[in-house]
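Accompanying notes for the structure given below.
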């Protein structure tokens, strides 16, 4: 295995007695695209941190270029050509593209001074290497996520990387942007640079990688060339069991009942240009489109966060004016935001408080909160949503991603929501919890008659769990498919034409 | 981030797990009680004949309420991750305006004014507190100015207006009924202390038992998530600054009643002390955590410390030094404690 | 178009407008003696503001520097008065050093205990002032005992003008000292890695340590420089007014922070420039000093400063929100 660039042999790592890594062996060869797959908490991030020298393994050894490294520090790791692109990209939004690109090199040379001509030259070279043009003097903050990612990759290359580790690089990207990222990854590979793609998204893994390592519970469960795997087998290895592929079917409708939600000619200045939408009880409607297509603004308008919207909205046959979040909630609209950690949860507060956040008035008697009733309500909900937590008093930050997402959904069930808008409901949720969340959503639609609007980039997810799928582009609905009958290829093809 | 894996799927509810319990009886309160006891023991040992005299505790019961109320006021602002640097300015402006009113009602004989005028003065002083708090709330909640800068600016405005009104020197000669608020006695207990206890209980109740208190904590934990959860963050944050302003004006009322005087720059060292007490009392300056009980114990500890040093004939300047050093020490201790826990 | 978007340009425009208005109310504003006086009043606020600028770019805030300035000034002047030391360079060096060491305490607490800078610096300010007044003394060193060399240094002029009636006035040479320091800080911020590390750390602290900045050095640099500049400015201040009062500079932090914020620095870190700060300082000092020219009583100064802070931050907040929307 002399061609291994970096190799972990029988590595073990414990945190407070809990085994995060257990006898893990993994090698990344020079110039290969390797994929590291696993659910959240399977040990992927720990492996990245061992490779980058942030963590020292308790057992086993790390070899770089075939020779054992005694104590790998972050500086050593960078010096040996290993660059990690973390999910947050670690860019400086307040500085220019050029400076972000040149900074690593200048730091490596232990420079004290900065010459701006040189900075621009370095930056230009870095972008040329990827064959991409970006405004050098723009602040990184002003760029879209996909462009930021390119800056991060170019910066890593600039540091004479031989291996680039990308931690969940596609989370915030739309489909087209993912394609572009995969292209760039191939460009990098042509220069003989290895890429370790850390992901839990099937399509990317199958499309890009040459070899695959799957982890579960801190162990490597399987490893081999990508041709040996299928989507189903990867899922099985990641979760330890098979998942159902049953397509969602809407329950029969009572035509006499007015629709849950009827939207006519809804406009949001600069984002949505006159859309019509009808959601009936039991409907799960998927909404996809590129970032900037207006889909999030549409959702926010329905949730009362864009009081500047125009058009008419009827809920259960009644005309309503959604001019604030409180009024939207009063009318039974609920919204599960895109970014669970920063927009959905109060991490250092208890599970119960997180669930009750929107319905405190319901448990208030006179002046005070009725503690007994609050406890009862939240415990009932914990049981109903099958949230694994020791009690309602546990801090929500201690829960897994899937359980946290259930807490956010539970919050809305407490407000007796009738219309549930989910923005990226399973982003950053591991495969096992993902299935569970889908099951809950379907259940709510069928049994409680909720109308669900599910915004997602994950076309297979929409196909399986929606009875209807809408594509949005430049503020308008451009296409519509029936769930179950449409195929992933047709939708992907349409999405590709929407540039 | 290591995920803690919960073990049991079916949740069990223990009756003691009152989930909306505001004061989580963590070791922070215990630590505070220990510090207070320690201060008490050390000071008693250093000068037993002076420190343990009844007079000493009585005098503490008159001086504690001002600082205690200012500290609770700052704690309320800190709950949402803000701060109110204008509390002392509000306190002084309230007292100065009331004093100005008394002087204009009875030029030269303001100290003989009756109850009616005093009631008017109290309404005016509290009105200043509400108005000043509303201005802070408006700037912070509606215009979204960083609390540090907004209240730094308004503290200048409040102090400045008080200065313009007085022209510099202190206003003296408040009506007797007004002074009762600062140095009267009810059933042998200092009236300001009674007032403090009542207000502390009321604020404690408000924060721990009402939806408003829980909402404040949620906003302090994650303001963005609070918006998405449908909390009216603008209104709640605004109200919290109005409450802060009101508490500050009551502190000003007590201060001027106790000293029979009002001045634009009285008690400037109170600001640091109030911040110190709030932090010592377990308030997280980043928001989401704080309790009236903690702040109350902390203010007691610091009053004991301060009076002890005065017994030992330390100059007031050195007491300033000790307050500052104590603040830094508390920070260090808290960090050490949290590190050990991790 | 793009130049107008820079915060410096906005401050410059506001400054120009304010000058025109004040000049219209009282043409004496445009008198050379008034303008020279204004420039001179910029020096102390300005030097301290440059220090605070560094701290704010790094994402912190400092309210302790006036205490440090007073400590450095009073200790050095007392030492000179007591020993009769006659020199200028060493005293300024010592004052700067005192400020620097005190600044290091701030950095130590903020960095080691990860505590909010406002609270730490409130604490250190109280400690330093308390020690100075409690242990060193409370008496003012007035002109009778004030070191003459310092007076001589502080009263040098670069330009001398003679009025028609024979009275003379000049432009203080201290403006050159201020200019030199401003240039130096500008070069450091713009053209050294240390300067860039301040922006990087202020913008994204986590990322700054990941890419390999020595962020500990960055924090120490910011607070030590702020302390050192305050110490230096403190002594310079006393040599310009010929006395050393250990209770000086109370509340001065507000003016300085207001000036830096006016100059476009962000309290959240990562943004701010020397040019903006110079303009912000000038604007603030000019409005404060021109109250008399505009026939407003000086007791209004504090109110005016408060209104300036509130309105300028409100404007910035409003602009940022519009940009986001």
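Chains as they are written, first to last, in my numbering: chain A, 1225 to 1723; chain B, 551 to 892; chain C, 172 to 496. Built from N, CA and C at the ideal position, the CB exists for glycine as well. In this text, all values refer to a predicted model and were calculated from it rather than measured experimentally.
- Using a Cβ-Cβ distance cut-off of 8 Å, the stretch 1594–1613 of chain A and the stretch 1641–1653 of chain A are not in contact, since fewer than three pairs of beta carbons, one from each stretch, lie closer than that value.
- At a cut-off of 8 Å between beta-carbon atoms, residue 863(B) makes no contact with chain C.
- Judged by beta-carbon spacing, residue 300(C) lies within the 8 Å limit of residue 238(C), meaning their Cβ atoms are closer than that value.
- By a beta-carbon distance limit of 8 Å, residue 1661(A) does not contact residue 1670(A). Their separation comes to about 15 Å.
- Sequence-distant partners of residue 1572(A) (beyond 5 residues in either direction) whose C-beta falls short of 7 Å from its own C-beta, in its chain, are 1619 and 1621.
- Short of 8 Å from the beta carbon of residue 179(C), and not among the five residues preceding or following it, lie these beta carbons of its own chain, in chain order: 434, 435, 444, 446, 447 and 450.
- Under the three-state reduction of DSSP output, residue 636(B) falls in the coil class, being neither helix nor strand.
- Using a Cβ-Cβ distance cut-off of 8 Å, the stretch 829–841 of chain B and the stretch 708–720 of chain B are not in contact, since fewer than three pairs of beta carbons, one from each stretch, lie closer than that value.
- By a beta-carbon distance limit of 8 Å, residue 761(B) contacts residue 1588(A). Their separation comes to about 5 Å.
- Membership of residue 286(C) in any alpha helix (DSSP H) is not indicated, and neither H nor E is assigned to it by DSSP.
- Taking a beta-carbon distance threshold of 8 Å, residue 1485(A) does not count as an interface residue toward chain B.
- In terms of CA proximity to residue 759(B), 1591(A) leads the group 1533(A), 1492(A) and 1591(A).
- Judged by DSSP secondary structure, residue 1721(A) falls within the alpha helix (DSSP H) whose first and last residues are 1712–1721.
- In the structure shown, the three-state DSSP call for residue 1512(A) is strand.
- Within a 10 Å sphere around the beta-carbon of residue 397(C) sit 16 or more other beta-carbons, which makes this residue buried.
- The straight-line gap separating the alpha-carbon atoms of residue 216(C) and residue 627(B) is approximately 30 Å.
- Taking residue 1304(A) as the centre and dropping the five residues before and after it, the same chain places the C-beta of 1288 closer than 6 Å to its C-beta, in chain order.
- Nearest CB-CB separation between residue 490(C) and chain A: not below the 8 Å threshold.
- Taking the C-beta atoms as reference points, residue 1320(A) is found nearer than 8 Å to residue 1362(A).
- Look at residue 443(C): its C-beta is not under 8 Å from any C-beta on chain A.
- For the C-beta of residue 432(C), not a single chain A residue is nearer than 7 Å; the gap to the nearest is close to 17 Å.
- In the DSSP assignment, residue 1483(A) falls outside any beta strand (DSSP E) and carries neither an H nor an E.
- Using a Cβ-Cβ cut-off of 8 Å, residue 643(B) does not count as an interface residue toward chain C, since no Cβ of chain C sits closer than that to its own.
- Scanning 1557(A), 1230(A), 1293(A) and 1451(A) for the CA closest to the CA of residue 1249(A) turns up 1230(A).
- Spatial neighbours of residue 1527(A) in its own chain (CB-CB distance under 7 Å, excluding positions within 5 residues in sequence) are listed in chain order as 1549, 1552, 1557, 1559 and 1645.
- Of the residues 819(B), 879(B) and 802(B), the one whose Cα lies closest to the Cα of residue 640(B) is 802(B).
- Put simply, the CB of residue 772(B) is near chain A, with a gap under 8 Å to one of its CB atoms.
- Assigned with DSSP and collapsed to three states, residue 1391(A) falls in strand.
- Residue pairing for residue 1697(A): DSSP places it in a beta bridge opposite 1700(A).
- Within the stretch 1509–1522 of chain A, not one residue has a Cβ closer than 8 Å to any Cβ of chain C.
- When the beta-carbon positions are compared, residue 596(B) and residue 840(B) stay at least 8 Å from each other.
- No Cβ of chain A is located within less than 8 Å of the beta carbon of residue 408(C).
- For residue 304(C), the residues of chain B that pass the 7 Å Cβ criterion are 867, in the order they occur in the chain.
- Within 7 Å of the CB of residue 478(C), the CB atoms of chain B belong to 707, in sequence order along the chain.
- A Cβ of chain A is located within less than 8 Å of the beta carbon of residue 761(B).
- Three or more beta-carbon pairs separated by less than 8 Å are not found between the stretch 1310–1317 of chain A and the stretch 1338–1354 of chain A, which leaves the two stretches without contact.
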